[in-house]
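**Student:** Before I ask anything, let me first share the structure, which is written out below as structure tokens.
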Amino acid sequence: MRPFTRLCPLLLLLLLVSPSSPQPQELQEEEGGLHESFLRCVSRLSPDTADPSELVHAPADASYPPLLASTIQNLRFASPQTPRPSLLLTPRTVAEVQASVACCKAHGLTVRARSGGHDYEGLSYRAIRPSGGRPFAVIDVAALRTVRVDAERRVARAQPGATLGELYYAVAEGSGGELGFPAGICPTVCVGGHLSGGGFGPMMRKYGLAADNVVDAEVVDAGGKLLNRSAMGEDLFWAIRGGGGGSFGIVVSWTVSLVPVPSVVSAFTVRRLLRHGDEDEEAMLRLLTKWQLVAHALPDDLFVKLEMEPKVDDGGKRRPLVVFKSFFLGNCSGMVTQMGIHLPELDIKPSDCREMNWIQSMLYFYGYTNGQPAEVFLDRTLQPKEYYKIKLDYLTSPIPATGLSMLFTKIVEHQGGSIDIDPQGGRMSEIPESDTPYAHRRGYLYNFQYYVKWGSDKNVSYEEKHLGWVRGVHELMTPYVSNRPRAAYINFRDLDLGQNVEGNTSYEEAKVWGRMYFRGNFRRLAMVKAEVDPDQVFWSEQSIPPLVVARRKRKGQRHGGLVLEI
53 MRPFTRLCPL
63 LLLLLLVSPS
73 SPQPQELQEE
83 EGGLHESFLR
93 CVSRLSPDTA
103 DPSELVHAPA
113 DASYPPLLAS
123 TIQNLRFASP
133 QTPRPSLLLT
143 PRTVAEVQAS
153 VACCKAHGLT
163 VRARSGGHDY
173 EGLSYRAIRP
183 SGGRPFAVID
193 VAALRTVRVD
203 AERRVARAQP
213 GATLGELYYA
223 VAEGSGGELG
233 FPAGICPTVC
243 VGGHLSGGGF
253 GPMMRKYGLA
263 ADNVVDAEVV
273 DAGGKLLNRS
283 AMGEDLFWAI
293 RGGGGGSFGI
303 VVSWTVSLVP
313 VPSVVSAFTV
323 RRLLRHGDED
333 EEAMLRLLTK
343 WQLVAHALPD
353 DLFVKLEMEP
363 KVDDGGKRRP
373 LVVFKSFFLG
383 NCSGMVTQMG
393 IHLPELDIKP
403 SDCREMNWIQ
413 SMLYFYGYTN
423 GQPAEVFLDR
433 TLQPKEYYKI
443 KLDYLTSPIP
453 ATGLSMLFTK
463 IVEHQGGSID
473 IDPQGGRMSE
483 IPESDTPYAH
493 RRGYLYNFQY
503 YVKWGSDKNV
513 SYEEKHLGWV
523 RGVHELMTPY
533 VSNRPRAAYI
543 NFRDLDLGQN
553 VEGNTSYEEA
563 KVWGRMYFRG
573 NFRRLAMVKA
583 EVDPDQVFWS
593 EQSIPPLVVA
603 RRKRKGQRHG
613 GLVLEI
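In our numbering, the protein residues as written are 53 to 618.
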């Protein structure tokens with residue numbers, strides 16, 4: 053067989069997308085030919101790239117395995133059997149991102165963008181099916197990690213590979229501790245994915261999601277063009293602020309509005325172990341029932357979440373442990389006063405409360421409770437890599453005592469299982485659901501997160517046991533959570549809800565899972581997709597499918613710049 057380096061580019065593309073199943077030697081030649089052709093493409097489109105081989109990595113390259121594995125956070129998808137990208141691209145400049153996208157399109161490769169690798173289903177770096185679809189490339193933007201803070205204008209500009217920890221550190225340092233940013237508590241999550249999907253955090257009841265505070269962005273589109281907010285238009289700008297990563301382009305910079313934070317904030321962590329006995333359970337049920345009634349309606353400065361996990365008691369038996377964690381934009385005196393007014397049943401005392409500055413509170417919520425220095429946030433390896441599965445629900449009404457009792461039973465069945473319940477309300481309820489793709493606003497009281505994690509246990513039969521537990525809890529909660537549709541959150545991606553099929557990505561079929569994530573906003577997202585990426589250069593098993601609508605116009609029948617079908 054002739055080497056692919058002698059074939060014309062058109063023939064190369066035809067062979068790459070051929071439906072036949074190549075043999076191992078042919079695969080090696082295909083990879084080699086694609087690699088060489090791609091290097092030439094990058095050299096042509098990005099002449100400032102001194103050595104394209106440092107950008108383009110093929111499976112046969114020694115650099116490929118460690119780079120691919122570097123930010124795979126969920127070890128379930130680190131197996132050699134996981135379908136891997138035909139090329140791994142590691143741009144260091146925006147121009148190299150542009151060249152990477154353009155060359156992928158020219159070579160018939162779909163694109164998956166990765167910043168920190170925290171996609172819960174691994175779709176930023178893996179495929180589900182080993183064959184049958186178009187080959188794909190991963191564009192890893194971890195090297196684009198600059199953060200610039202303008203404290204006077206109260207804005208920060210962050211590239212997608214910057215972690216939340218790096219962003220928080222830069223904001224605190226650049227503002228002298230006077231400003232913060234409302235986003236998540238995991239410091240190794242990168243800005244690129246977090247903002248693309250929304251971004252929960254302890255200040256969301258005061259300031260909304262991270263994406264609600266985005267004021268500008270730059271995106272590389274499906275053709276490799278660099279667009280600022282003016283050039284991309286308001287429809288695309290709307291879509292990238294909560295529509296999920298991997299559908300519309302690669303955002304190479306985010307400009308976010310910073311928020312004032314007091315010099316002193318406060319927090320507490322209070323644990324209540326449910327011991328045996330009907331009276332103990334009844335008291336806990338009364339406390340949780342009251343918490344559900346008030347936590348979403350507390351003053352916006354106050355955030356009180358709940359966690360549930362198993363704990364072995366002195367007798368060696370697993371018991372439900374309920375943990376209340378709070379964040380307050382003020383001192384302990386104010387915190388204790390508010391808790392006494394709104395939730396006296398928890399009996400918070402001054403000794404339960406700790407005062408700190410804002411950046412220390414973010415460390416505290418992550419689990420660093422001993423006054424560690426803010427520089428801890430600069431460690432990009434803080435998050436341990438584990439095997440896990442996570443699912444999420446929303447509550448639109450409190451869970452009755454019968455449902456809470458079932459949770460007490462389920463939580464002790466698995467030593468690696470846990471449940472987090474975060475209150476919404478406040479600013480989250482004030483923002484109209486059409487303002488960004490994140491639609492779970494007014495009437496959505498809590499988000500309800502189910503976790504199961506395990507260590508180095510890679511046996512498939514044991515994995516099914518772990519997965520069965522978290523799926524079982526999710527099923528158990530069906531009568532008590534939101535419905536029509538049962539709501540979900542794109543940053544807690546869940547393939548159990550449904551997925552696209554390569555070569556047959558249907559808007560009608562995708563509505564099954566798309567409306568769970570975005571409610572009525574899913575339609576508009578699909579219309580934006582049809583405008584900016586109709587060929588689906590950016591594709592994954594849960595990317596937004598394109599919806600092409602009728603182009604006949606009538607006066608007044610426009611929505612966000614896109615013509616509705618009539």
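C-beta: ideal position from N, C-alpha, C; glycine also. This structure is a prediction, so every number in the text was calculated from the model and none was measured.
1) With distances taken Cα to Cα, identify the nearest neighbour of residue 130 among 227, 412, 599 and 169.
2) Here's a check: name, in chain order, each residue in its chain whose Cβ is nearer than 6 Å to the Cβ of residue 534, leaving out the five neighbours to either side.
3) Distance check for residue 166 and residue 196, CA to CA, integer angstroms please.
4) Less than 8 Å between the beta carbons of residue 354 and residue 390, yes or no?
5) Between which two residues does the beta strand (DSSP E) carrying residue 446 extend?
6) Starting from residue 192 and walking both ways along the beta strand (DSSP E), at which residues does that stretch end?
7) Taking the alpha carbon of residue 141 as the reference point, which residue from 101, 171, 128 and 132 has its own alpha carbon closest?
8) What's the C-alpha gap between residue 258 and residue 265?
9) CB of residue 534 to nearest heavy atom of the ligand NAD: below 7 Å?
10) Run through DSSP, which three-state label would residue 404 get?
11) Can residue 236 and residue 253 be called in contact, C-beta distance under 8 Å?
12) In three-state DSSP terms, what is residue 577?
13) What number of angstroms, rounded off, separates the C-alpha of residue 341 from the C-alpha of residue 347?
14) If you draw a straight line from the alpha carbon of residue 496 to that of residue 251, how long is it in whole angstroms?
15) Quick one: which unbroken beta strand (DSSP E) runs of 3-plus residues sit fully inside the region 134 to 182? Chain order, please.
16) Pick out whichever of 255, 530 and 290 has its Cα sitting closest to the Cα of residue 475.
17) For residue 249, count the other beta carbons within 10 Å of its own beta carbon; 16 or more makes it buried, fewer makes it exposed. Which is it?
18) Kindly confirm or deny that the region 310 to 317 and the region 216 to 231 touch, where touching means at least three C-beta pairs closer than 8 Å.
19) Let me know the secondary structure DSSP gives residue 503 once reduced to three states.
20) Does the structure place the region 319 to 328 close enough to the region 361 to 374 that three or more beta carbon pairs sit under 8 Å?
21) Assign residue 411 to one of three DSSP states: helix, strand, or coil.
22) Taking the beta carbon of residue 28 as the centre, do at least 16 other beta carbons fall within 10 Å, making it buried, or is it exposed?
23) Straight-line CA distance for residue 547 to residue 172?
24) How should residue 148 be labelled, buried or exposed, when 16 other C-beta atoms within 10 angstroms of its C-beta is the threshold for buried?
25) Within its chain, find whatever has a CB closer than 6 Å to the CB of residue 104; leave out the 5 residues flanking it on each side and keep chain order.
26) Would you identify the three-state DSSP class for residue 278, choosing helix, strand or coil?
27) Would you list the one or two residues that DSSP bridges to residue 498?
28) Name, in chain order, the residues that DSSP records as bridge partners for residue 359.
29) Check whether the region 549 to 562 touches the region 471 to 491, taking contact to mean three or more Cβ pairs, one atom from each stretch, closer than 8 Å.
30) Identify whether residue 232 lies in helix, strand or coil by the three-state DSSP scheme.
31) Can you check which of these residues, 378, 493, 400 and 397, is closest to residue 472 by C-alpha distance?
32) Nearest to residue 395 by CA position, among 457, 343, 382 and 589, is which residue?
33) Look at the Cβ atom of residue 577, then the Cβ atom of residue 295, and state whether they are nearer than 8 Å.
34) Under 8 Å, with one C-beta from each stretch per pair, do the region 401 to 418 and the region 426 to 437 reach the 3-pair mark?
35) The alpha helix (DSSP H) that contains residue 562, what's its start and end?
36) Sorted by chain position, which residues of the same chain lie with C-beta nearer than 7 Å to residue 458's C-beta, five sequence neighbours on each side aside?
**Tutor:** On the basis of the data shown:
1) 169
2) These residues qualify, in order along the chain: 446 and 448.
3) 11 Å
4) Contact: yes.
5) 439 to 447
6) 188 to 192
7) If we check each option's Cα against that of residue 141, 101 comes out closest.
8) 12 Å
9) The ligand NAD is absent from the structure shown, which contains no ligands of any kind.
10) helix
11) yes
12) Per DSSP, reduced to three states, the secondary structure at residue 577 is helical.
13) 10 Å
14) 16 Å
15) 139 to 141 and 162 to 166
16) Comparing Cα-Cα distances from residue 475 to each of 255, 530 and 290, the minimum goes to 255.
17) buried
18) As far as the Cβ criterion goes, the region 310 to 317 touches the region 216 to 231, which means the pair count is three or higher.
19) The answer is strand: DSSP assigns residue 503 an E or B state.
20) yes
21) helix
22) Any question about residue 28 goes unanswered here, given that the chain covers just 53 to 618.
23) 9 Å
24) buried
25) 91, 94 and 95
26) strand
27) 447 and 475
28) 375 and 472
29) Contact fails: fewer than three Cβ-Cβ distances are below 8 Å.
30) strand
31) 378
32) Out of 457, 343, 382 and 589, 343 has the C-alpha closest to the C-alpha of residue 395.
33) One thing to note: residue 577 has its Cβ within 8 Å of the Cβ of residue 295.
34) With the cut-off at 8 Å, the region 401 to 418 and the region 426 to 437 touch.
35) 559 to 570
36) Hits under 7 Å: 528.
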